[in-house]
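Counting in our numbering, the sequence shown runs without a single skipped number right up to 124 at its last residue.
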Amino acid sequence: MKHKRALGSIALLVPLLAILAASVWFAAQGWMSVEGPPIPLAGYVAMAAGIVVTLIVGIGLMSLVFYSRRHGYDDAADRGRSDRED
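What follows is the structure, given as structure tokens:
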């Protein structure tokens, strides 16, 4: 049973890692093929600020989802619902 689970995990991880590697390669090729003047320092600062703000918003929203689920705030929405969908 553990052997099948390990094979299933490998069968899932190998294609996902291949897709990740292909997307990183594609992004790097696209980044390097663009011609023009170099990005100024302000551009890198703006890009870093955008990444940081995006991460803060994403992490904050996910933490609110987990917090509300663990503290029972989502239970009220499920009270009238049955396990079966008709």
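All C-beta atoms, glycine included, are put in the ideal place defined by N, C-alpha and C.
Secondary structure of GLY110 (DSSP, three-state): coil. Going by DSSP, VAL62 is part of the alpha helix (DSSP H) stretching over 40-71.
Per DSSP, reduced to three states, the secondary structure at ILE77 is coil, with no helix or strand assignment. It is roughly 47 Å from the alpha-carbon of ALA44 to the alpha-carbon of PRO76.
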